[in-house]
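2 protein chains.
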Amino acid sequence: VKRSGDTGDRDQSDRGYVSLETAIAWIDAATRCLPTEQVSLCNARGRVLSEDHRAGSALPPCDRAALDGFAVRAQESVGASAYNPLSLPAVTVAAGDALPAGADAVVPFEHAQSDETGRILLVEAVAPGANVDRQGAVAAEGSILVPSGTRLAARHIGTLATAATLKVPVVRQPRVRILLAGSLRSQRHFDSNGPMIRVAAERDGGMIVGLVAVERNQSALAVALAATDADIALVIGGTGRGPDDCAAAALAEAGELAVHGVALRPGETSGLGQTGKRVPVVLLPGAPIACLWSYEMLAGRAIRRLGGRASALPFRPRTMTITRKIISAIGMTEIWPVRYGGAVDTVEPMPSFAEIGLMAAAGGDGFIIIPEPSEGYPQGAVVTVYPYEGR
Amino acid sequence: VKRSGDTGDRDQSDRGYVSLETAIAWIDAATRCLPTEQVSLCNARGRVLSEDHRAGSALPPCDRAALDGFAVRAQESVGASAYNPLSLPAVTVAAGDALPAGADAVVPFEHAQSDETGRILLVEAVAPGANVDRQGAVAAEGSILVPSGTRLAARHIGTLATAATLKVPVVRQPRVRILLAGSLRSQRHFDSNGPMIRVAAERDGGMIVGLVAVERNQSALAVALAATDADIALVIGGTGRGPDDCAAAALAEAGELAVHGVALRPGETSGLGQTGKRVPVVLLPGAPIACLWSYEMLAGRAIRRLGGRASALPFRPRTMTITRKIISAIGMTEIWPVRYGGAVDTVEPMPSFAEIGLMAAAGGDGFIIIPEPSEGYPQGAVVTVYPYEGR
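What follows is the structure, given as structure tokens:
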């Protein structure tokens, strides 16, 4: 793990920032997958399977006809030809039927003719196993059909249901407590951040067990934090260095302040720590755009990890070309908004989040993560773009 | 719209199949976006905004300092230089503060020194507007911040909340009624298909208002369909041509059977129509893998359209290379399961859905859609792959 001091960047170390990597390493060490609970299949969509689901029997459970035709014993067809048609006993089967005892191949209807005695005339030998779905060919008994850690979608639910499973073991949803530690000056931000972070946490699998405004003073916030018995607490607002910014001090009072100040833009004043009960806490800045990115890069990861999901951002990256240059500060991981460009696989950098705030997120198609040591990218650079879900 | 007969394909027209395009055109004509309802912001995640959300005032609402410094009148700095330092009246401002009356530029603290009289000494002229966020620069009053049709994510919720909006207008969720018309023979499929299609419909924004087993005879099913007052009904099972397959006849009795048999594999026996009350109905085959793909290619589209979502499949396509050939039947749109290959941007075709059923979906990473006129693809072909969500 890189320490902030290693970058040699004045700006960052002067302010006591840790690198985003250091902050992430702290989160990864502080969060582990929650225990299992049983839920009904119909409520299991999006949940994370916590045990391997194995085939209770072989699939198919027996040798089955792969198509409609005559079930025969292949050995009896040896030597059949146009010059030497052979007459064989045969049983009519439909696709999916179990093969009758003794049969090991299926001849399609169009390749033979039956007579009234239940025999067919063959002019070509049949290989053992021809047109047969072998017992266990799809899955051996006990083989893994849906592995532990799978986020369950319709196709998995269908597979689980095939085994007549009514309840499935999934990772318990992380209980998330959100404390709004607003200031008088930025009162209007509460309304904005509360719903925004609530739905973001729900997207990541969290269950909101409280979204409450706390008086913005250190003792009140420390008491609220110390009392938290959720799986994670998020504090919104009061993370700056101003006289009425008490979130960091309150967390230190309630337990441990591990990180305050992350080389992340937007989101510089983010903090991390835990309460005396070892509940992990993420401090999110009160400015809406900083709150959003602090959530996305830090808190969201913690919630996903608690819930057994993949740690990575829930946006699938794509390689694209930028249509104009981006200038970014060295020593800060910077998140930059982009819009799809006119040409295929191009994106146009938008004015920065610092300039236009949430509008850049609401009006954009995705973002670029500019790493700490980078000064940005020239026009035409090929970069990794994270399109938002649904874009 | 291509009619099935146009393909000249014997297999398809012999069986009375319509092309997938024809089936989709029927769905598109039969479904339109539902009306608006108001929901609270905290419940709006994933819902589709049904009216443009516009800026109630300009953003920023006034000219604001872009950084901490001295607010000045730029005109008074004209002619300032190292040889001709000028003394100007100045007001200290913090980033985000409204500019004081008369000021039109901000000089950063580090570029000037103040004296006790509230004046600063400048050695360089300042341009009007320097370090000022102009009123309306982010958004003019009345401009669209979140357009109608947006599927709301955290960043939109935050933007809407900034305007102190408590309720937002969204498209009503489609009410989906699921009728299980099972046979005695395939009884175990009910358990599998019901939960699977339920969660698939929920993924597409549907609200399940009933998931009920109906006796498998034409009258009982016709009565259940005719009574439906949901926005869409799905019938699972009984779609084949066998003697106890009554779904198509029941739909015809309850209203109109528009399509029975689609050139889609898996999913050949799918059907489409509507009840006397003009409730659209999709008939899904009872075999689980055919049920899933009939849902994905037909019913899911109908539900998404009713709910105001994009019609297209909710899987983002990627261009990838296949590591071995695929042989597909001409005249059928075939869905083929794939797994990610060893090399970057490659996929390995799996045994077909016909061979291994739902296991191919649960164990795969995505699928390829092989169009009707295609015989498949050679090894190394570059194809469009639809990775499953989360893969």
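Protein sequence lines correspond, in order, to chains A and B. Taking the working numbering, the leading residue of the first sequence gets 1201, the next gets one more, and so forth. Taking the working numbering, the leading residue of the second sequence gets 1201, the next gets one more, and so forth. For each residue, glycine too, the CB sits at the ideal point set by N, CA and C. Here the structure is a predicted model, which means the values were calculated and not measured.
Test: residue 1607 of chain B CB closer than 7 Å to a CB of chain A: No answer is possible for residue 1607 of chain B: the residues shown for chain B start at 1201 and end at 1591.
Per DSSP, residue 1259 of chain A is paired with what? A:1339
Spatial distance of residue 1358 of chain B from residue 1392 of chain A (CA atoms): 5 Å
Taking only beta-carbon atoms, is residue 1264 of chain B less than 7 Å away from chain A? no
How would you list, in chain order, the residues of chain A whose beta-carbon sits under 7 Å from the beta-carbon of residue 1392 of chain B? 1358, 1361, 1362
Is the Cβ of residue 1400 of chain A closer than 7 Å to any Cβ of chain E? In the structure shown, chain E does not exist; the protein chains are A and B.
Those runs of the beta strand (DSSP E) which lie wholly inside the segment 1528 to 1572 of chain B and span at least 3 residues: 1533 to 1540, 1546 to 1549, 1566 to 1570
Cβ closer than 8 Å: which chain B residues qualify as neighbours of residue 1412 of chain A? Near residue 1412 of chain A there are no residues of chain B at all, since even the closest Cβ is about 14 Å away, more than 8 Å.
Report yes if the C-beta distance between residue 1472 of chain A and residue 1463 of chain A is below 7 Å; otherwise report no. no
Assess contact between the segment 1425 to 1434 of chain A and the segment 1474 to 1486 of chain A, defined as three or more Cβ pairs (one per stretch) separated by less than 8 Å. Is contact present? yes
Which whole-angstrom value describes the C-beta separation of residue 1268 of chain A and residue 1299 of chain A, a residue pair presumed to lie in contact below a C-beta threshold of 8 Å? Their Cβ separation, rounded to whole angstroms, is 13 Å, which puts residue 1268 of chain A and residue 1299 of chain A out of contact at 8 Å.
Straight-line Cα distance separating residue 1342 of chain B from residue 1386 of chain A: At residue 1386 of chain A the pLDDT is 46, less than 50, meaning the model places this residue with poor confidence and gives no usable figure here.
Exposed or buried, residue 1210 of chain A, counting other C-beta atoms within 10 Å across all chains shown (16 or more means buried)? The predicted model places residue 1210 of chain A with a pLDDT of 42, which falls under 50 and marks its position as unreliable; any figure quoted below should be read in that light. Residue 1210 of chain A comes out exposed.
Return the CA-CA distance between residue 1248 of chain A and residue 1355 of chain A, expressed in angstroms with no decimal places. 14 Å
Is the separation between the beta-carbon of residue 1553 of chain B and that of residue 1537 of chain B shorter than 7 Å? yes
Applying the 10 Å Cβ sphere with the 16-neighbour rule, what's the burial state of residue 1508 of chain A? buried
Whole-angstrom distance between residue 1492 of chain A and residue 1252 of chain B, CA atom to CA atom: 22 Å
Using the Cα positions of residue 1514 of chain A and residue 1569 of chain A, report the straight-line distance between them to the nearest angstrom. 14 Å
Assign residue 1405 of chain B to buried or exposed, taking buried as 16 or more other Cβ atoms, counted over all protein chains shown, within 10 Å of its Cβ. buried
Just to confirm my understanding: we take residue 1578 of chain B, look at its own chain, exclude 5 residues before and 5 after, and list those with CB closer than 6 Å. What are they? 1525
Which of helix, strand or coil DSSP assigns to residue 1362 of chain A: helix
Examine chain B for any beta-carbon lying closer than 7 Å to the beta-carbon of residue 1375 of chain A, and answer yes or no. no
Pick out whichever of B:1551, B:1575, B:1545, B:1582 has its Cα sitting closest to the Cα of residue 1591 of chain B. B:1545
Span separating the alpha-carbon of residue 1559 of chain B from that of residue 1427 of chain A: 47 Å
So residue 1326 of chain A and residue 1305 of chain A are in contact, right, with Cβ under 8 Å, and what is the actual spacing, rounded? 5 Å
For my contact list, residue 1259 of chain B and residue 1368 of chain B are in at a C-beta cut-off of 8 Å; report their separation, rounded to the angstrom. Rounded, the Cβ-Cβ distance is 19 Å, inconsistent with contact.
Hey, out of A:1365, A:1372, A:1272, A:1562, whose CA is closest to residue 1329 of chain A's CA? A:1272
Any idea what DSSP makes of residue 1321 of chain B, helix, strand or coil? strand
Suppose the cutoff is 7 Å on Cβ atoms and the five residues either side in sequence are ignored; what does the same chain contact list for residue 1587 of chain A look like? 1515, 1518, 1565, 1566
Residue range of the beta strand (DSSP E) that includes residue 1488 of chain B: Looking at the DSSP string, residue 1488 of chain B is not in any beta strand (DSSP E); the run it does join, the alpha helix (DSSP H), is 1488 to 1494.
Listed in chain order, which residues of the segment 1477 to 1509 of chain B have Cβ atoms closer than 7 Å to some Cβ of chain A? 1488, 1492
Mind checking residue 1310 of chain A: buried by the 16 CB within 10 Å criterion, or exposed? exposed
I'd like to know if the segment 1272 to 1290 of chain B and the segment 1311 to 1325 of chain B are in contact, where contact means that at least 3 CB-CB pairs between them fall below 8 Å. yes
Looking at chain B, is there any beta carbon in it that lies within less than 7 Å of the beta carbon of residue 1442 of chain A? no
Enumerate, from N- to C-terminal direction, the unbroken alpha helix (DSSP H) stretches of 4 or more residues contained entirely within the segment 1428 to 1501 of chain B. 1447 to 1454, 1488 to 1494
Which one of B:1418, B:1394, B:1576, B:1411 has the shortest CA to CA distance from residue 1528 of chain B? B:1576
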